[in-house]
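Below you'll find the structure, written out as structure tokens, and then a few comments.
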Amino acid sequence: MSFLEIERRPGAIADACALVLIAGVAVIAALTFSDYGLGWDDFTHSQYGDLLYSYFSSGLTQRKVFSFVNLYYYGGGFDLAAAAIAKALPFVEVFDVRRLLGGFVGIVGFVLVWRTGRRLAGPWGGLAAVALLMICPLYYGHMFMNAKDAPFAVAVAGVLYACVRAFDEFPQPSPRTVTFFGLFLGLAIGTRVLGLLCGVYLAAAIAFVLAVECVRLGIKPALLRTLRFTGLLMLGLPLAYFVLGMVWPWGVVEPLNPLMALKYYSHFWEVPWREMFEGRPILVPDMPRTYVPTLFSVQMPELFLGLAVAGAAGAIVSAFVGKDTPAKRARLVLIVTAAAFPILLTVVTRPVMYNGIRHFVFVTPALALLGGYAASWLWQKAQALPRLAQGAVAATFALGLAVPAVDFHNLHPYEYTYYNHFVGGIKGADDLFMLDYWGLAFKQATEELDEYVEQHRRTLPQGRKLRVAVCGPHFAAAAELGPRYETTYDSSNADFYMRLGEFYCADVKAPLLVKVEREGVTYATVYDVRGRPFPSVFAAGQ
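Written out as structure tokens, the structure reads:
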């Protein structure tokens, strides 16, 4: 196909731009995946992956995986895949495999959002949606290092894609669409049992179609069409259950195990700790109902936030007074429900909330789709304006993308700690909210400590491991430090003290060896505490 033929095809430029963006992010991911450090859960999740691999490779006889910590209540498809790849490529370090695999899964999510946005709002809507997701710190920042929430978000994006396809084909979804539905639904529930929420999204959209068609066609014809549609989609459930069993074997060992997992997670099982919210250290079970909405309002880029809200409002209006077919309008009900229902549910039920909004990564694809819907509508309206005004609209959108992209560059590899300019960026947020709660900065801190130790080897203790008191994720610190160090909570006889820049870590008066910072905000520090014992690695009262 020639360039002129591509140019003449409606939406060709938008599609080409979307593909270039996705390819560009894929290249960036391949070049930067190893920059991301280890977090609190990395080591445990890698063990879970090994146990899942042993379970399947033993012919389902090695069942230790079903009693490992509490991880069997989660699916482990990502962990299993990473373990299998690491064993097939023994010359590649397992955590590098996990980071690169996370980047790949994240790219799949971009493709799904692009294709879904294209169906909802045309080529320009698809381009805008995927561009918005790329500047979403909650999605991009977590896709390299979050083995649960990021893959879950991609699986939910897949379910939304399949459902939008199905409503496009209403009342008879194709076998291909039904297959997509079963595959992604199984992955969603098999990754986190919260994937059952996808049933709520779909039910809301089906109820909308039924109600509108009852008015237009009568109760019996509308009911028959809806039952036909629903019945054909349900043919994907056996595939969903099979996929669920492959990525979450505990979930199918007993039929009611998914419900047991729901019950387990409905109660907080850990000793409560405090996290910083709006400038106050608050016990995580006591977080206010405003926790999730507040963090979304300060952690999403301004363009993302504004277009997502506008898109939600516009989608609701279009669904109820639009002139499209009921099934086409039901797609909007589906996406609005997927974006809003989980957030509203937390406001109403007030569950235990912590670690920022990482548990809500799965909401971001729907928010990006709504943003793409709004951007497409605005661009259509701009076509009636003079060329100069059209250029101004495009430039405003490009600037809205560029500002957080530059912030991402400055924060790298801590993109997930981004705060928008409403709160003053990370400088304004530092005393108000948690930043590097995952502890990724320990990677850079340990690398710089290693450089110091190499340069001052003769002045350091000989014949034993160097003791490092740690305030932060110990397993991550130990893995990053390596065999010549010993991590400890004991601050009385440590050689070095490594701490995150969070409120719960103790300050000490000692020579500063390493300081990891971004935009003037401290993420981690390392001190020389030889001969300087201090009471605890934790701040008083923590």
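Per the numbering used here, the very first residue in the sequence shown carries number 1; after that it's consecutive.
Cβ coordinates follow ideal geometry from the N, Cα and C atoms, glycine included.
Cβ separation of residue i and residue j, assumed to be a contact under 8 Å, to the nearest whole Å
i: Leu-307; j: Gly-371; result: 4 Å
i: Gly-102; j: Met-145; result: 6 Å
i: Ile-85; j: Val-25; result: Not quite, the Cβ-Cβ distance comes to about 21 Å (not below 8 Å), so this is no contact.
i: Tyr-489; j: Ala-469; result: 7 Å
i: Leu-561; j: Phe-304; result: No answer is possible for residue 561: the residues shown for the chain start at 1 and end at 542.
i: Ala-547; j: Ala-129; result: Residue 547 is absent from the model: the chain starts at 1 and stops at 542.
i: Met-498; j: Phe-408; result: So it is not a contact: roughly 26 Å between Cβ atoms.
Residues near residue i in its chain [Cβ-Cβ closer than 7 Å; skip 5 each side]
i: Ile-316; result: Val-336
i: Asn-257; result: Trp-250, Gly-251
i: His-142; result: Asp-149, Ala-150, Arg-358, Val-361, Tyr-416
i: Tyr-36; result: Arg-99, Phe-144, Met-145, Pro-413, Leu-440
i: Glu-519; result: Asn-410, Gly-425, Ile-426, Lys-427
i: Ala-405; result: Ile-135
i: Gly-190; result: Gly-75, Gly-77, Val-243, Leu-244, Val-247, Trp-248, Gly-251
i: Asp-431; result: Gly-279
i: Val-536; result: The residue you asked about is not Val; residue 536 is Ser in the sequence shown. The answer, listed in chain order, is Ser-491, Ala-506.
i: Asp-50; result: Ala-83
i: Tyr-354; result: Glu-275, Val-284
Check: residue i C-beta below 7 Å from any heavy atom of the ligand NAD
i: Phe-43; result: In the structure on display, the ligand NAD does not appear, and there are no ligands present to speak of.
Same chain only: Cβ atoms within 6 Å of residue i, ignoring 5 sequence neighbours per side
i: Tyr-73; result: Ala-261, Tyr-264
i: Ala-310; result: Ala-374
i: Ala-429; result: Tyr-419, Val-423
i: Met-246; result: none
i: Tyr-201; result: Leu-334, Thr-337, Ala-338
i: Glu-302; result: Asn-420
i: Leu-235; result: Val-178
i: Gly-109; result: Val-154, Ala-157
N-terminal and C-terminal residue of the alpha helix (DSSP H) that residue i is part of
i: Tyr-419; result: Careful: Tyr-419 lies outside any alpha helix (DSSP H) and carries neither H nor E.
i: Leu-345; result: 326–349
i: Asp-108; result: The sequence given here places Val at residue 108; Asp does not occur at that position. From DSSP, the alpha helix (DSSP H) with Val-108 extends over 94–134.
i: Gly-439; result: Per DSSP, Gly-439 belongs to no alpha helix (DSSP H) and is neither H nor E.
i: His-412; result: Where His-412 is concerned, there is no enclosing alpha helix (DSSP H), given that its DSSP letter is neither H nor E.
i: Gln-299; result: 291–299
i: Arg-225; result: 219–234
i: Val-178; result: 175–191
i: Tyr-139; result: 137–143
i: His-474; result: 474–481
i: Tyr-36; result: Counting along the chain, Tyr-36 falls outside any alpha helix (DSSP H), and DSSP gives it neither H nor E.
i: Phe-242; result: 237–247
i: Gly-311; result: 302–321
Strand pairing of residue i, partner residues [DSSP]
i: Glu-486; result: Arg-467
i: Ile-28; result: Answer is none; Ile-28 lacks a bridge partner.
i: Val-253; result: Looking at the DSSP assignment, Val-253 forms no beta bridge with any residue, so it has no partner.
i: Thr-525; result: Arg-499, Lys-515
i: Phe-543; result: Summary: the structure shown does not reach residue 543, with the chain confined to residues 1 through 542, and so no result is reported for it.
i: Phe-538; result: Cys-505
Unbroken beta strand (DSSP E) run spanning residue i, endpoints
i: Pro-281; result: 280–283
i: Asp-79; result: It is not in any beta strand (DSSP E) - Asp-79 instead sits in the alpha helix (DSSP H) that spans 77–88.
i: Ile-353; result: A quick correction: the sequence has Met, not Ile, at residue 353. Looking at the DSSP string, Met-353 is not in any beta strand (DSSP E), and its letter there is neither H nor E.
i: Phe-277; result: 274–277
Reduced DSSP secondary structure (H/G/I, E/B, other) of residue i
i: Glu-502; result: coil
i: Lys-515; result: strand
i: Thr-44; result: helix
i: Phe-397; result: helix
i: Phe-56; result: helix
i: Phe-68; result: coil
i: Phe-167; result: helix
i: Tyr-373; result: helix
i: Lys-381; result: helix
i: Tyr-73; result: helix
i: Val-20; result: helix
i: Lys-148; result: coil
i: Thr-446; result: helix
i: Ser-491; result: coil
i: Leu-457; result: Rather than Leu, the amino acid found at residue 457 in this sequence is Arg. Helix, per DSSP.
i: Gly-158; result: helix
i: Leu-4; result: Because Leu-4 sits at a pLDDT of 44, beneath the cut-off of 50, its placement in the model cannot be relied upon, and the point is left open.
i: Arg-63; result: coil
i: Gly-11; result: coil
i: Phe-91; result: coil
i: Val-363; result: helix
i: Pro-288; result: coil
Interface flag, residue i vs chain C, CB-CB below 8 Å
i: Gly-117; result: Within the model displayed, chain C is absent; a lone protein chain is all it includes.
Proximal residues to residue i (C-beta, below 8 Å), its chain only, five neighbours per side dropped
i: Thr-230; result: Ile-206
i: Val-463; result: Looking at the sequence itself, residue 463 is Gly, so the reference to Val does not match. Cβ within range, chain order: n/a, list empty.
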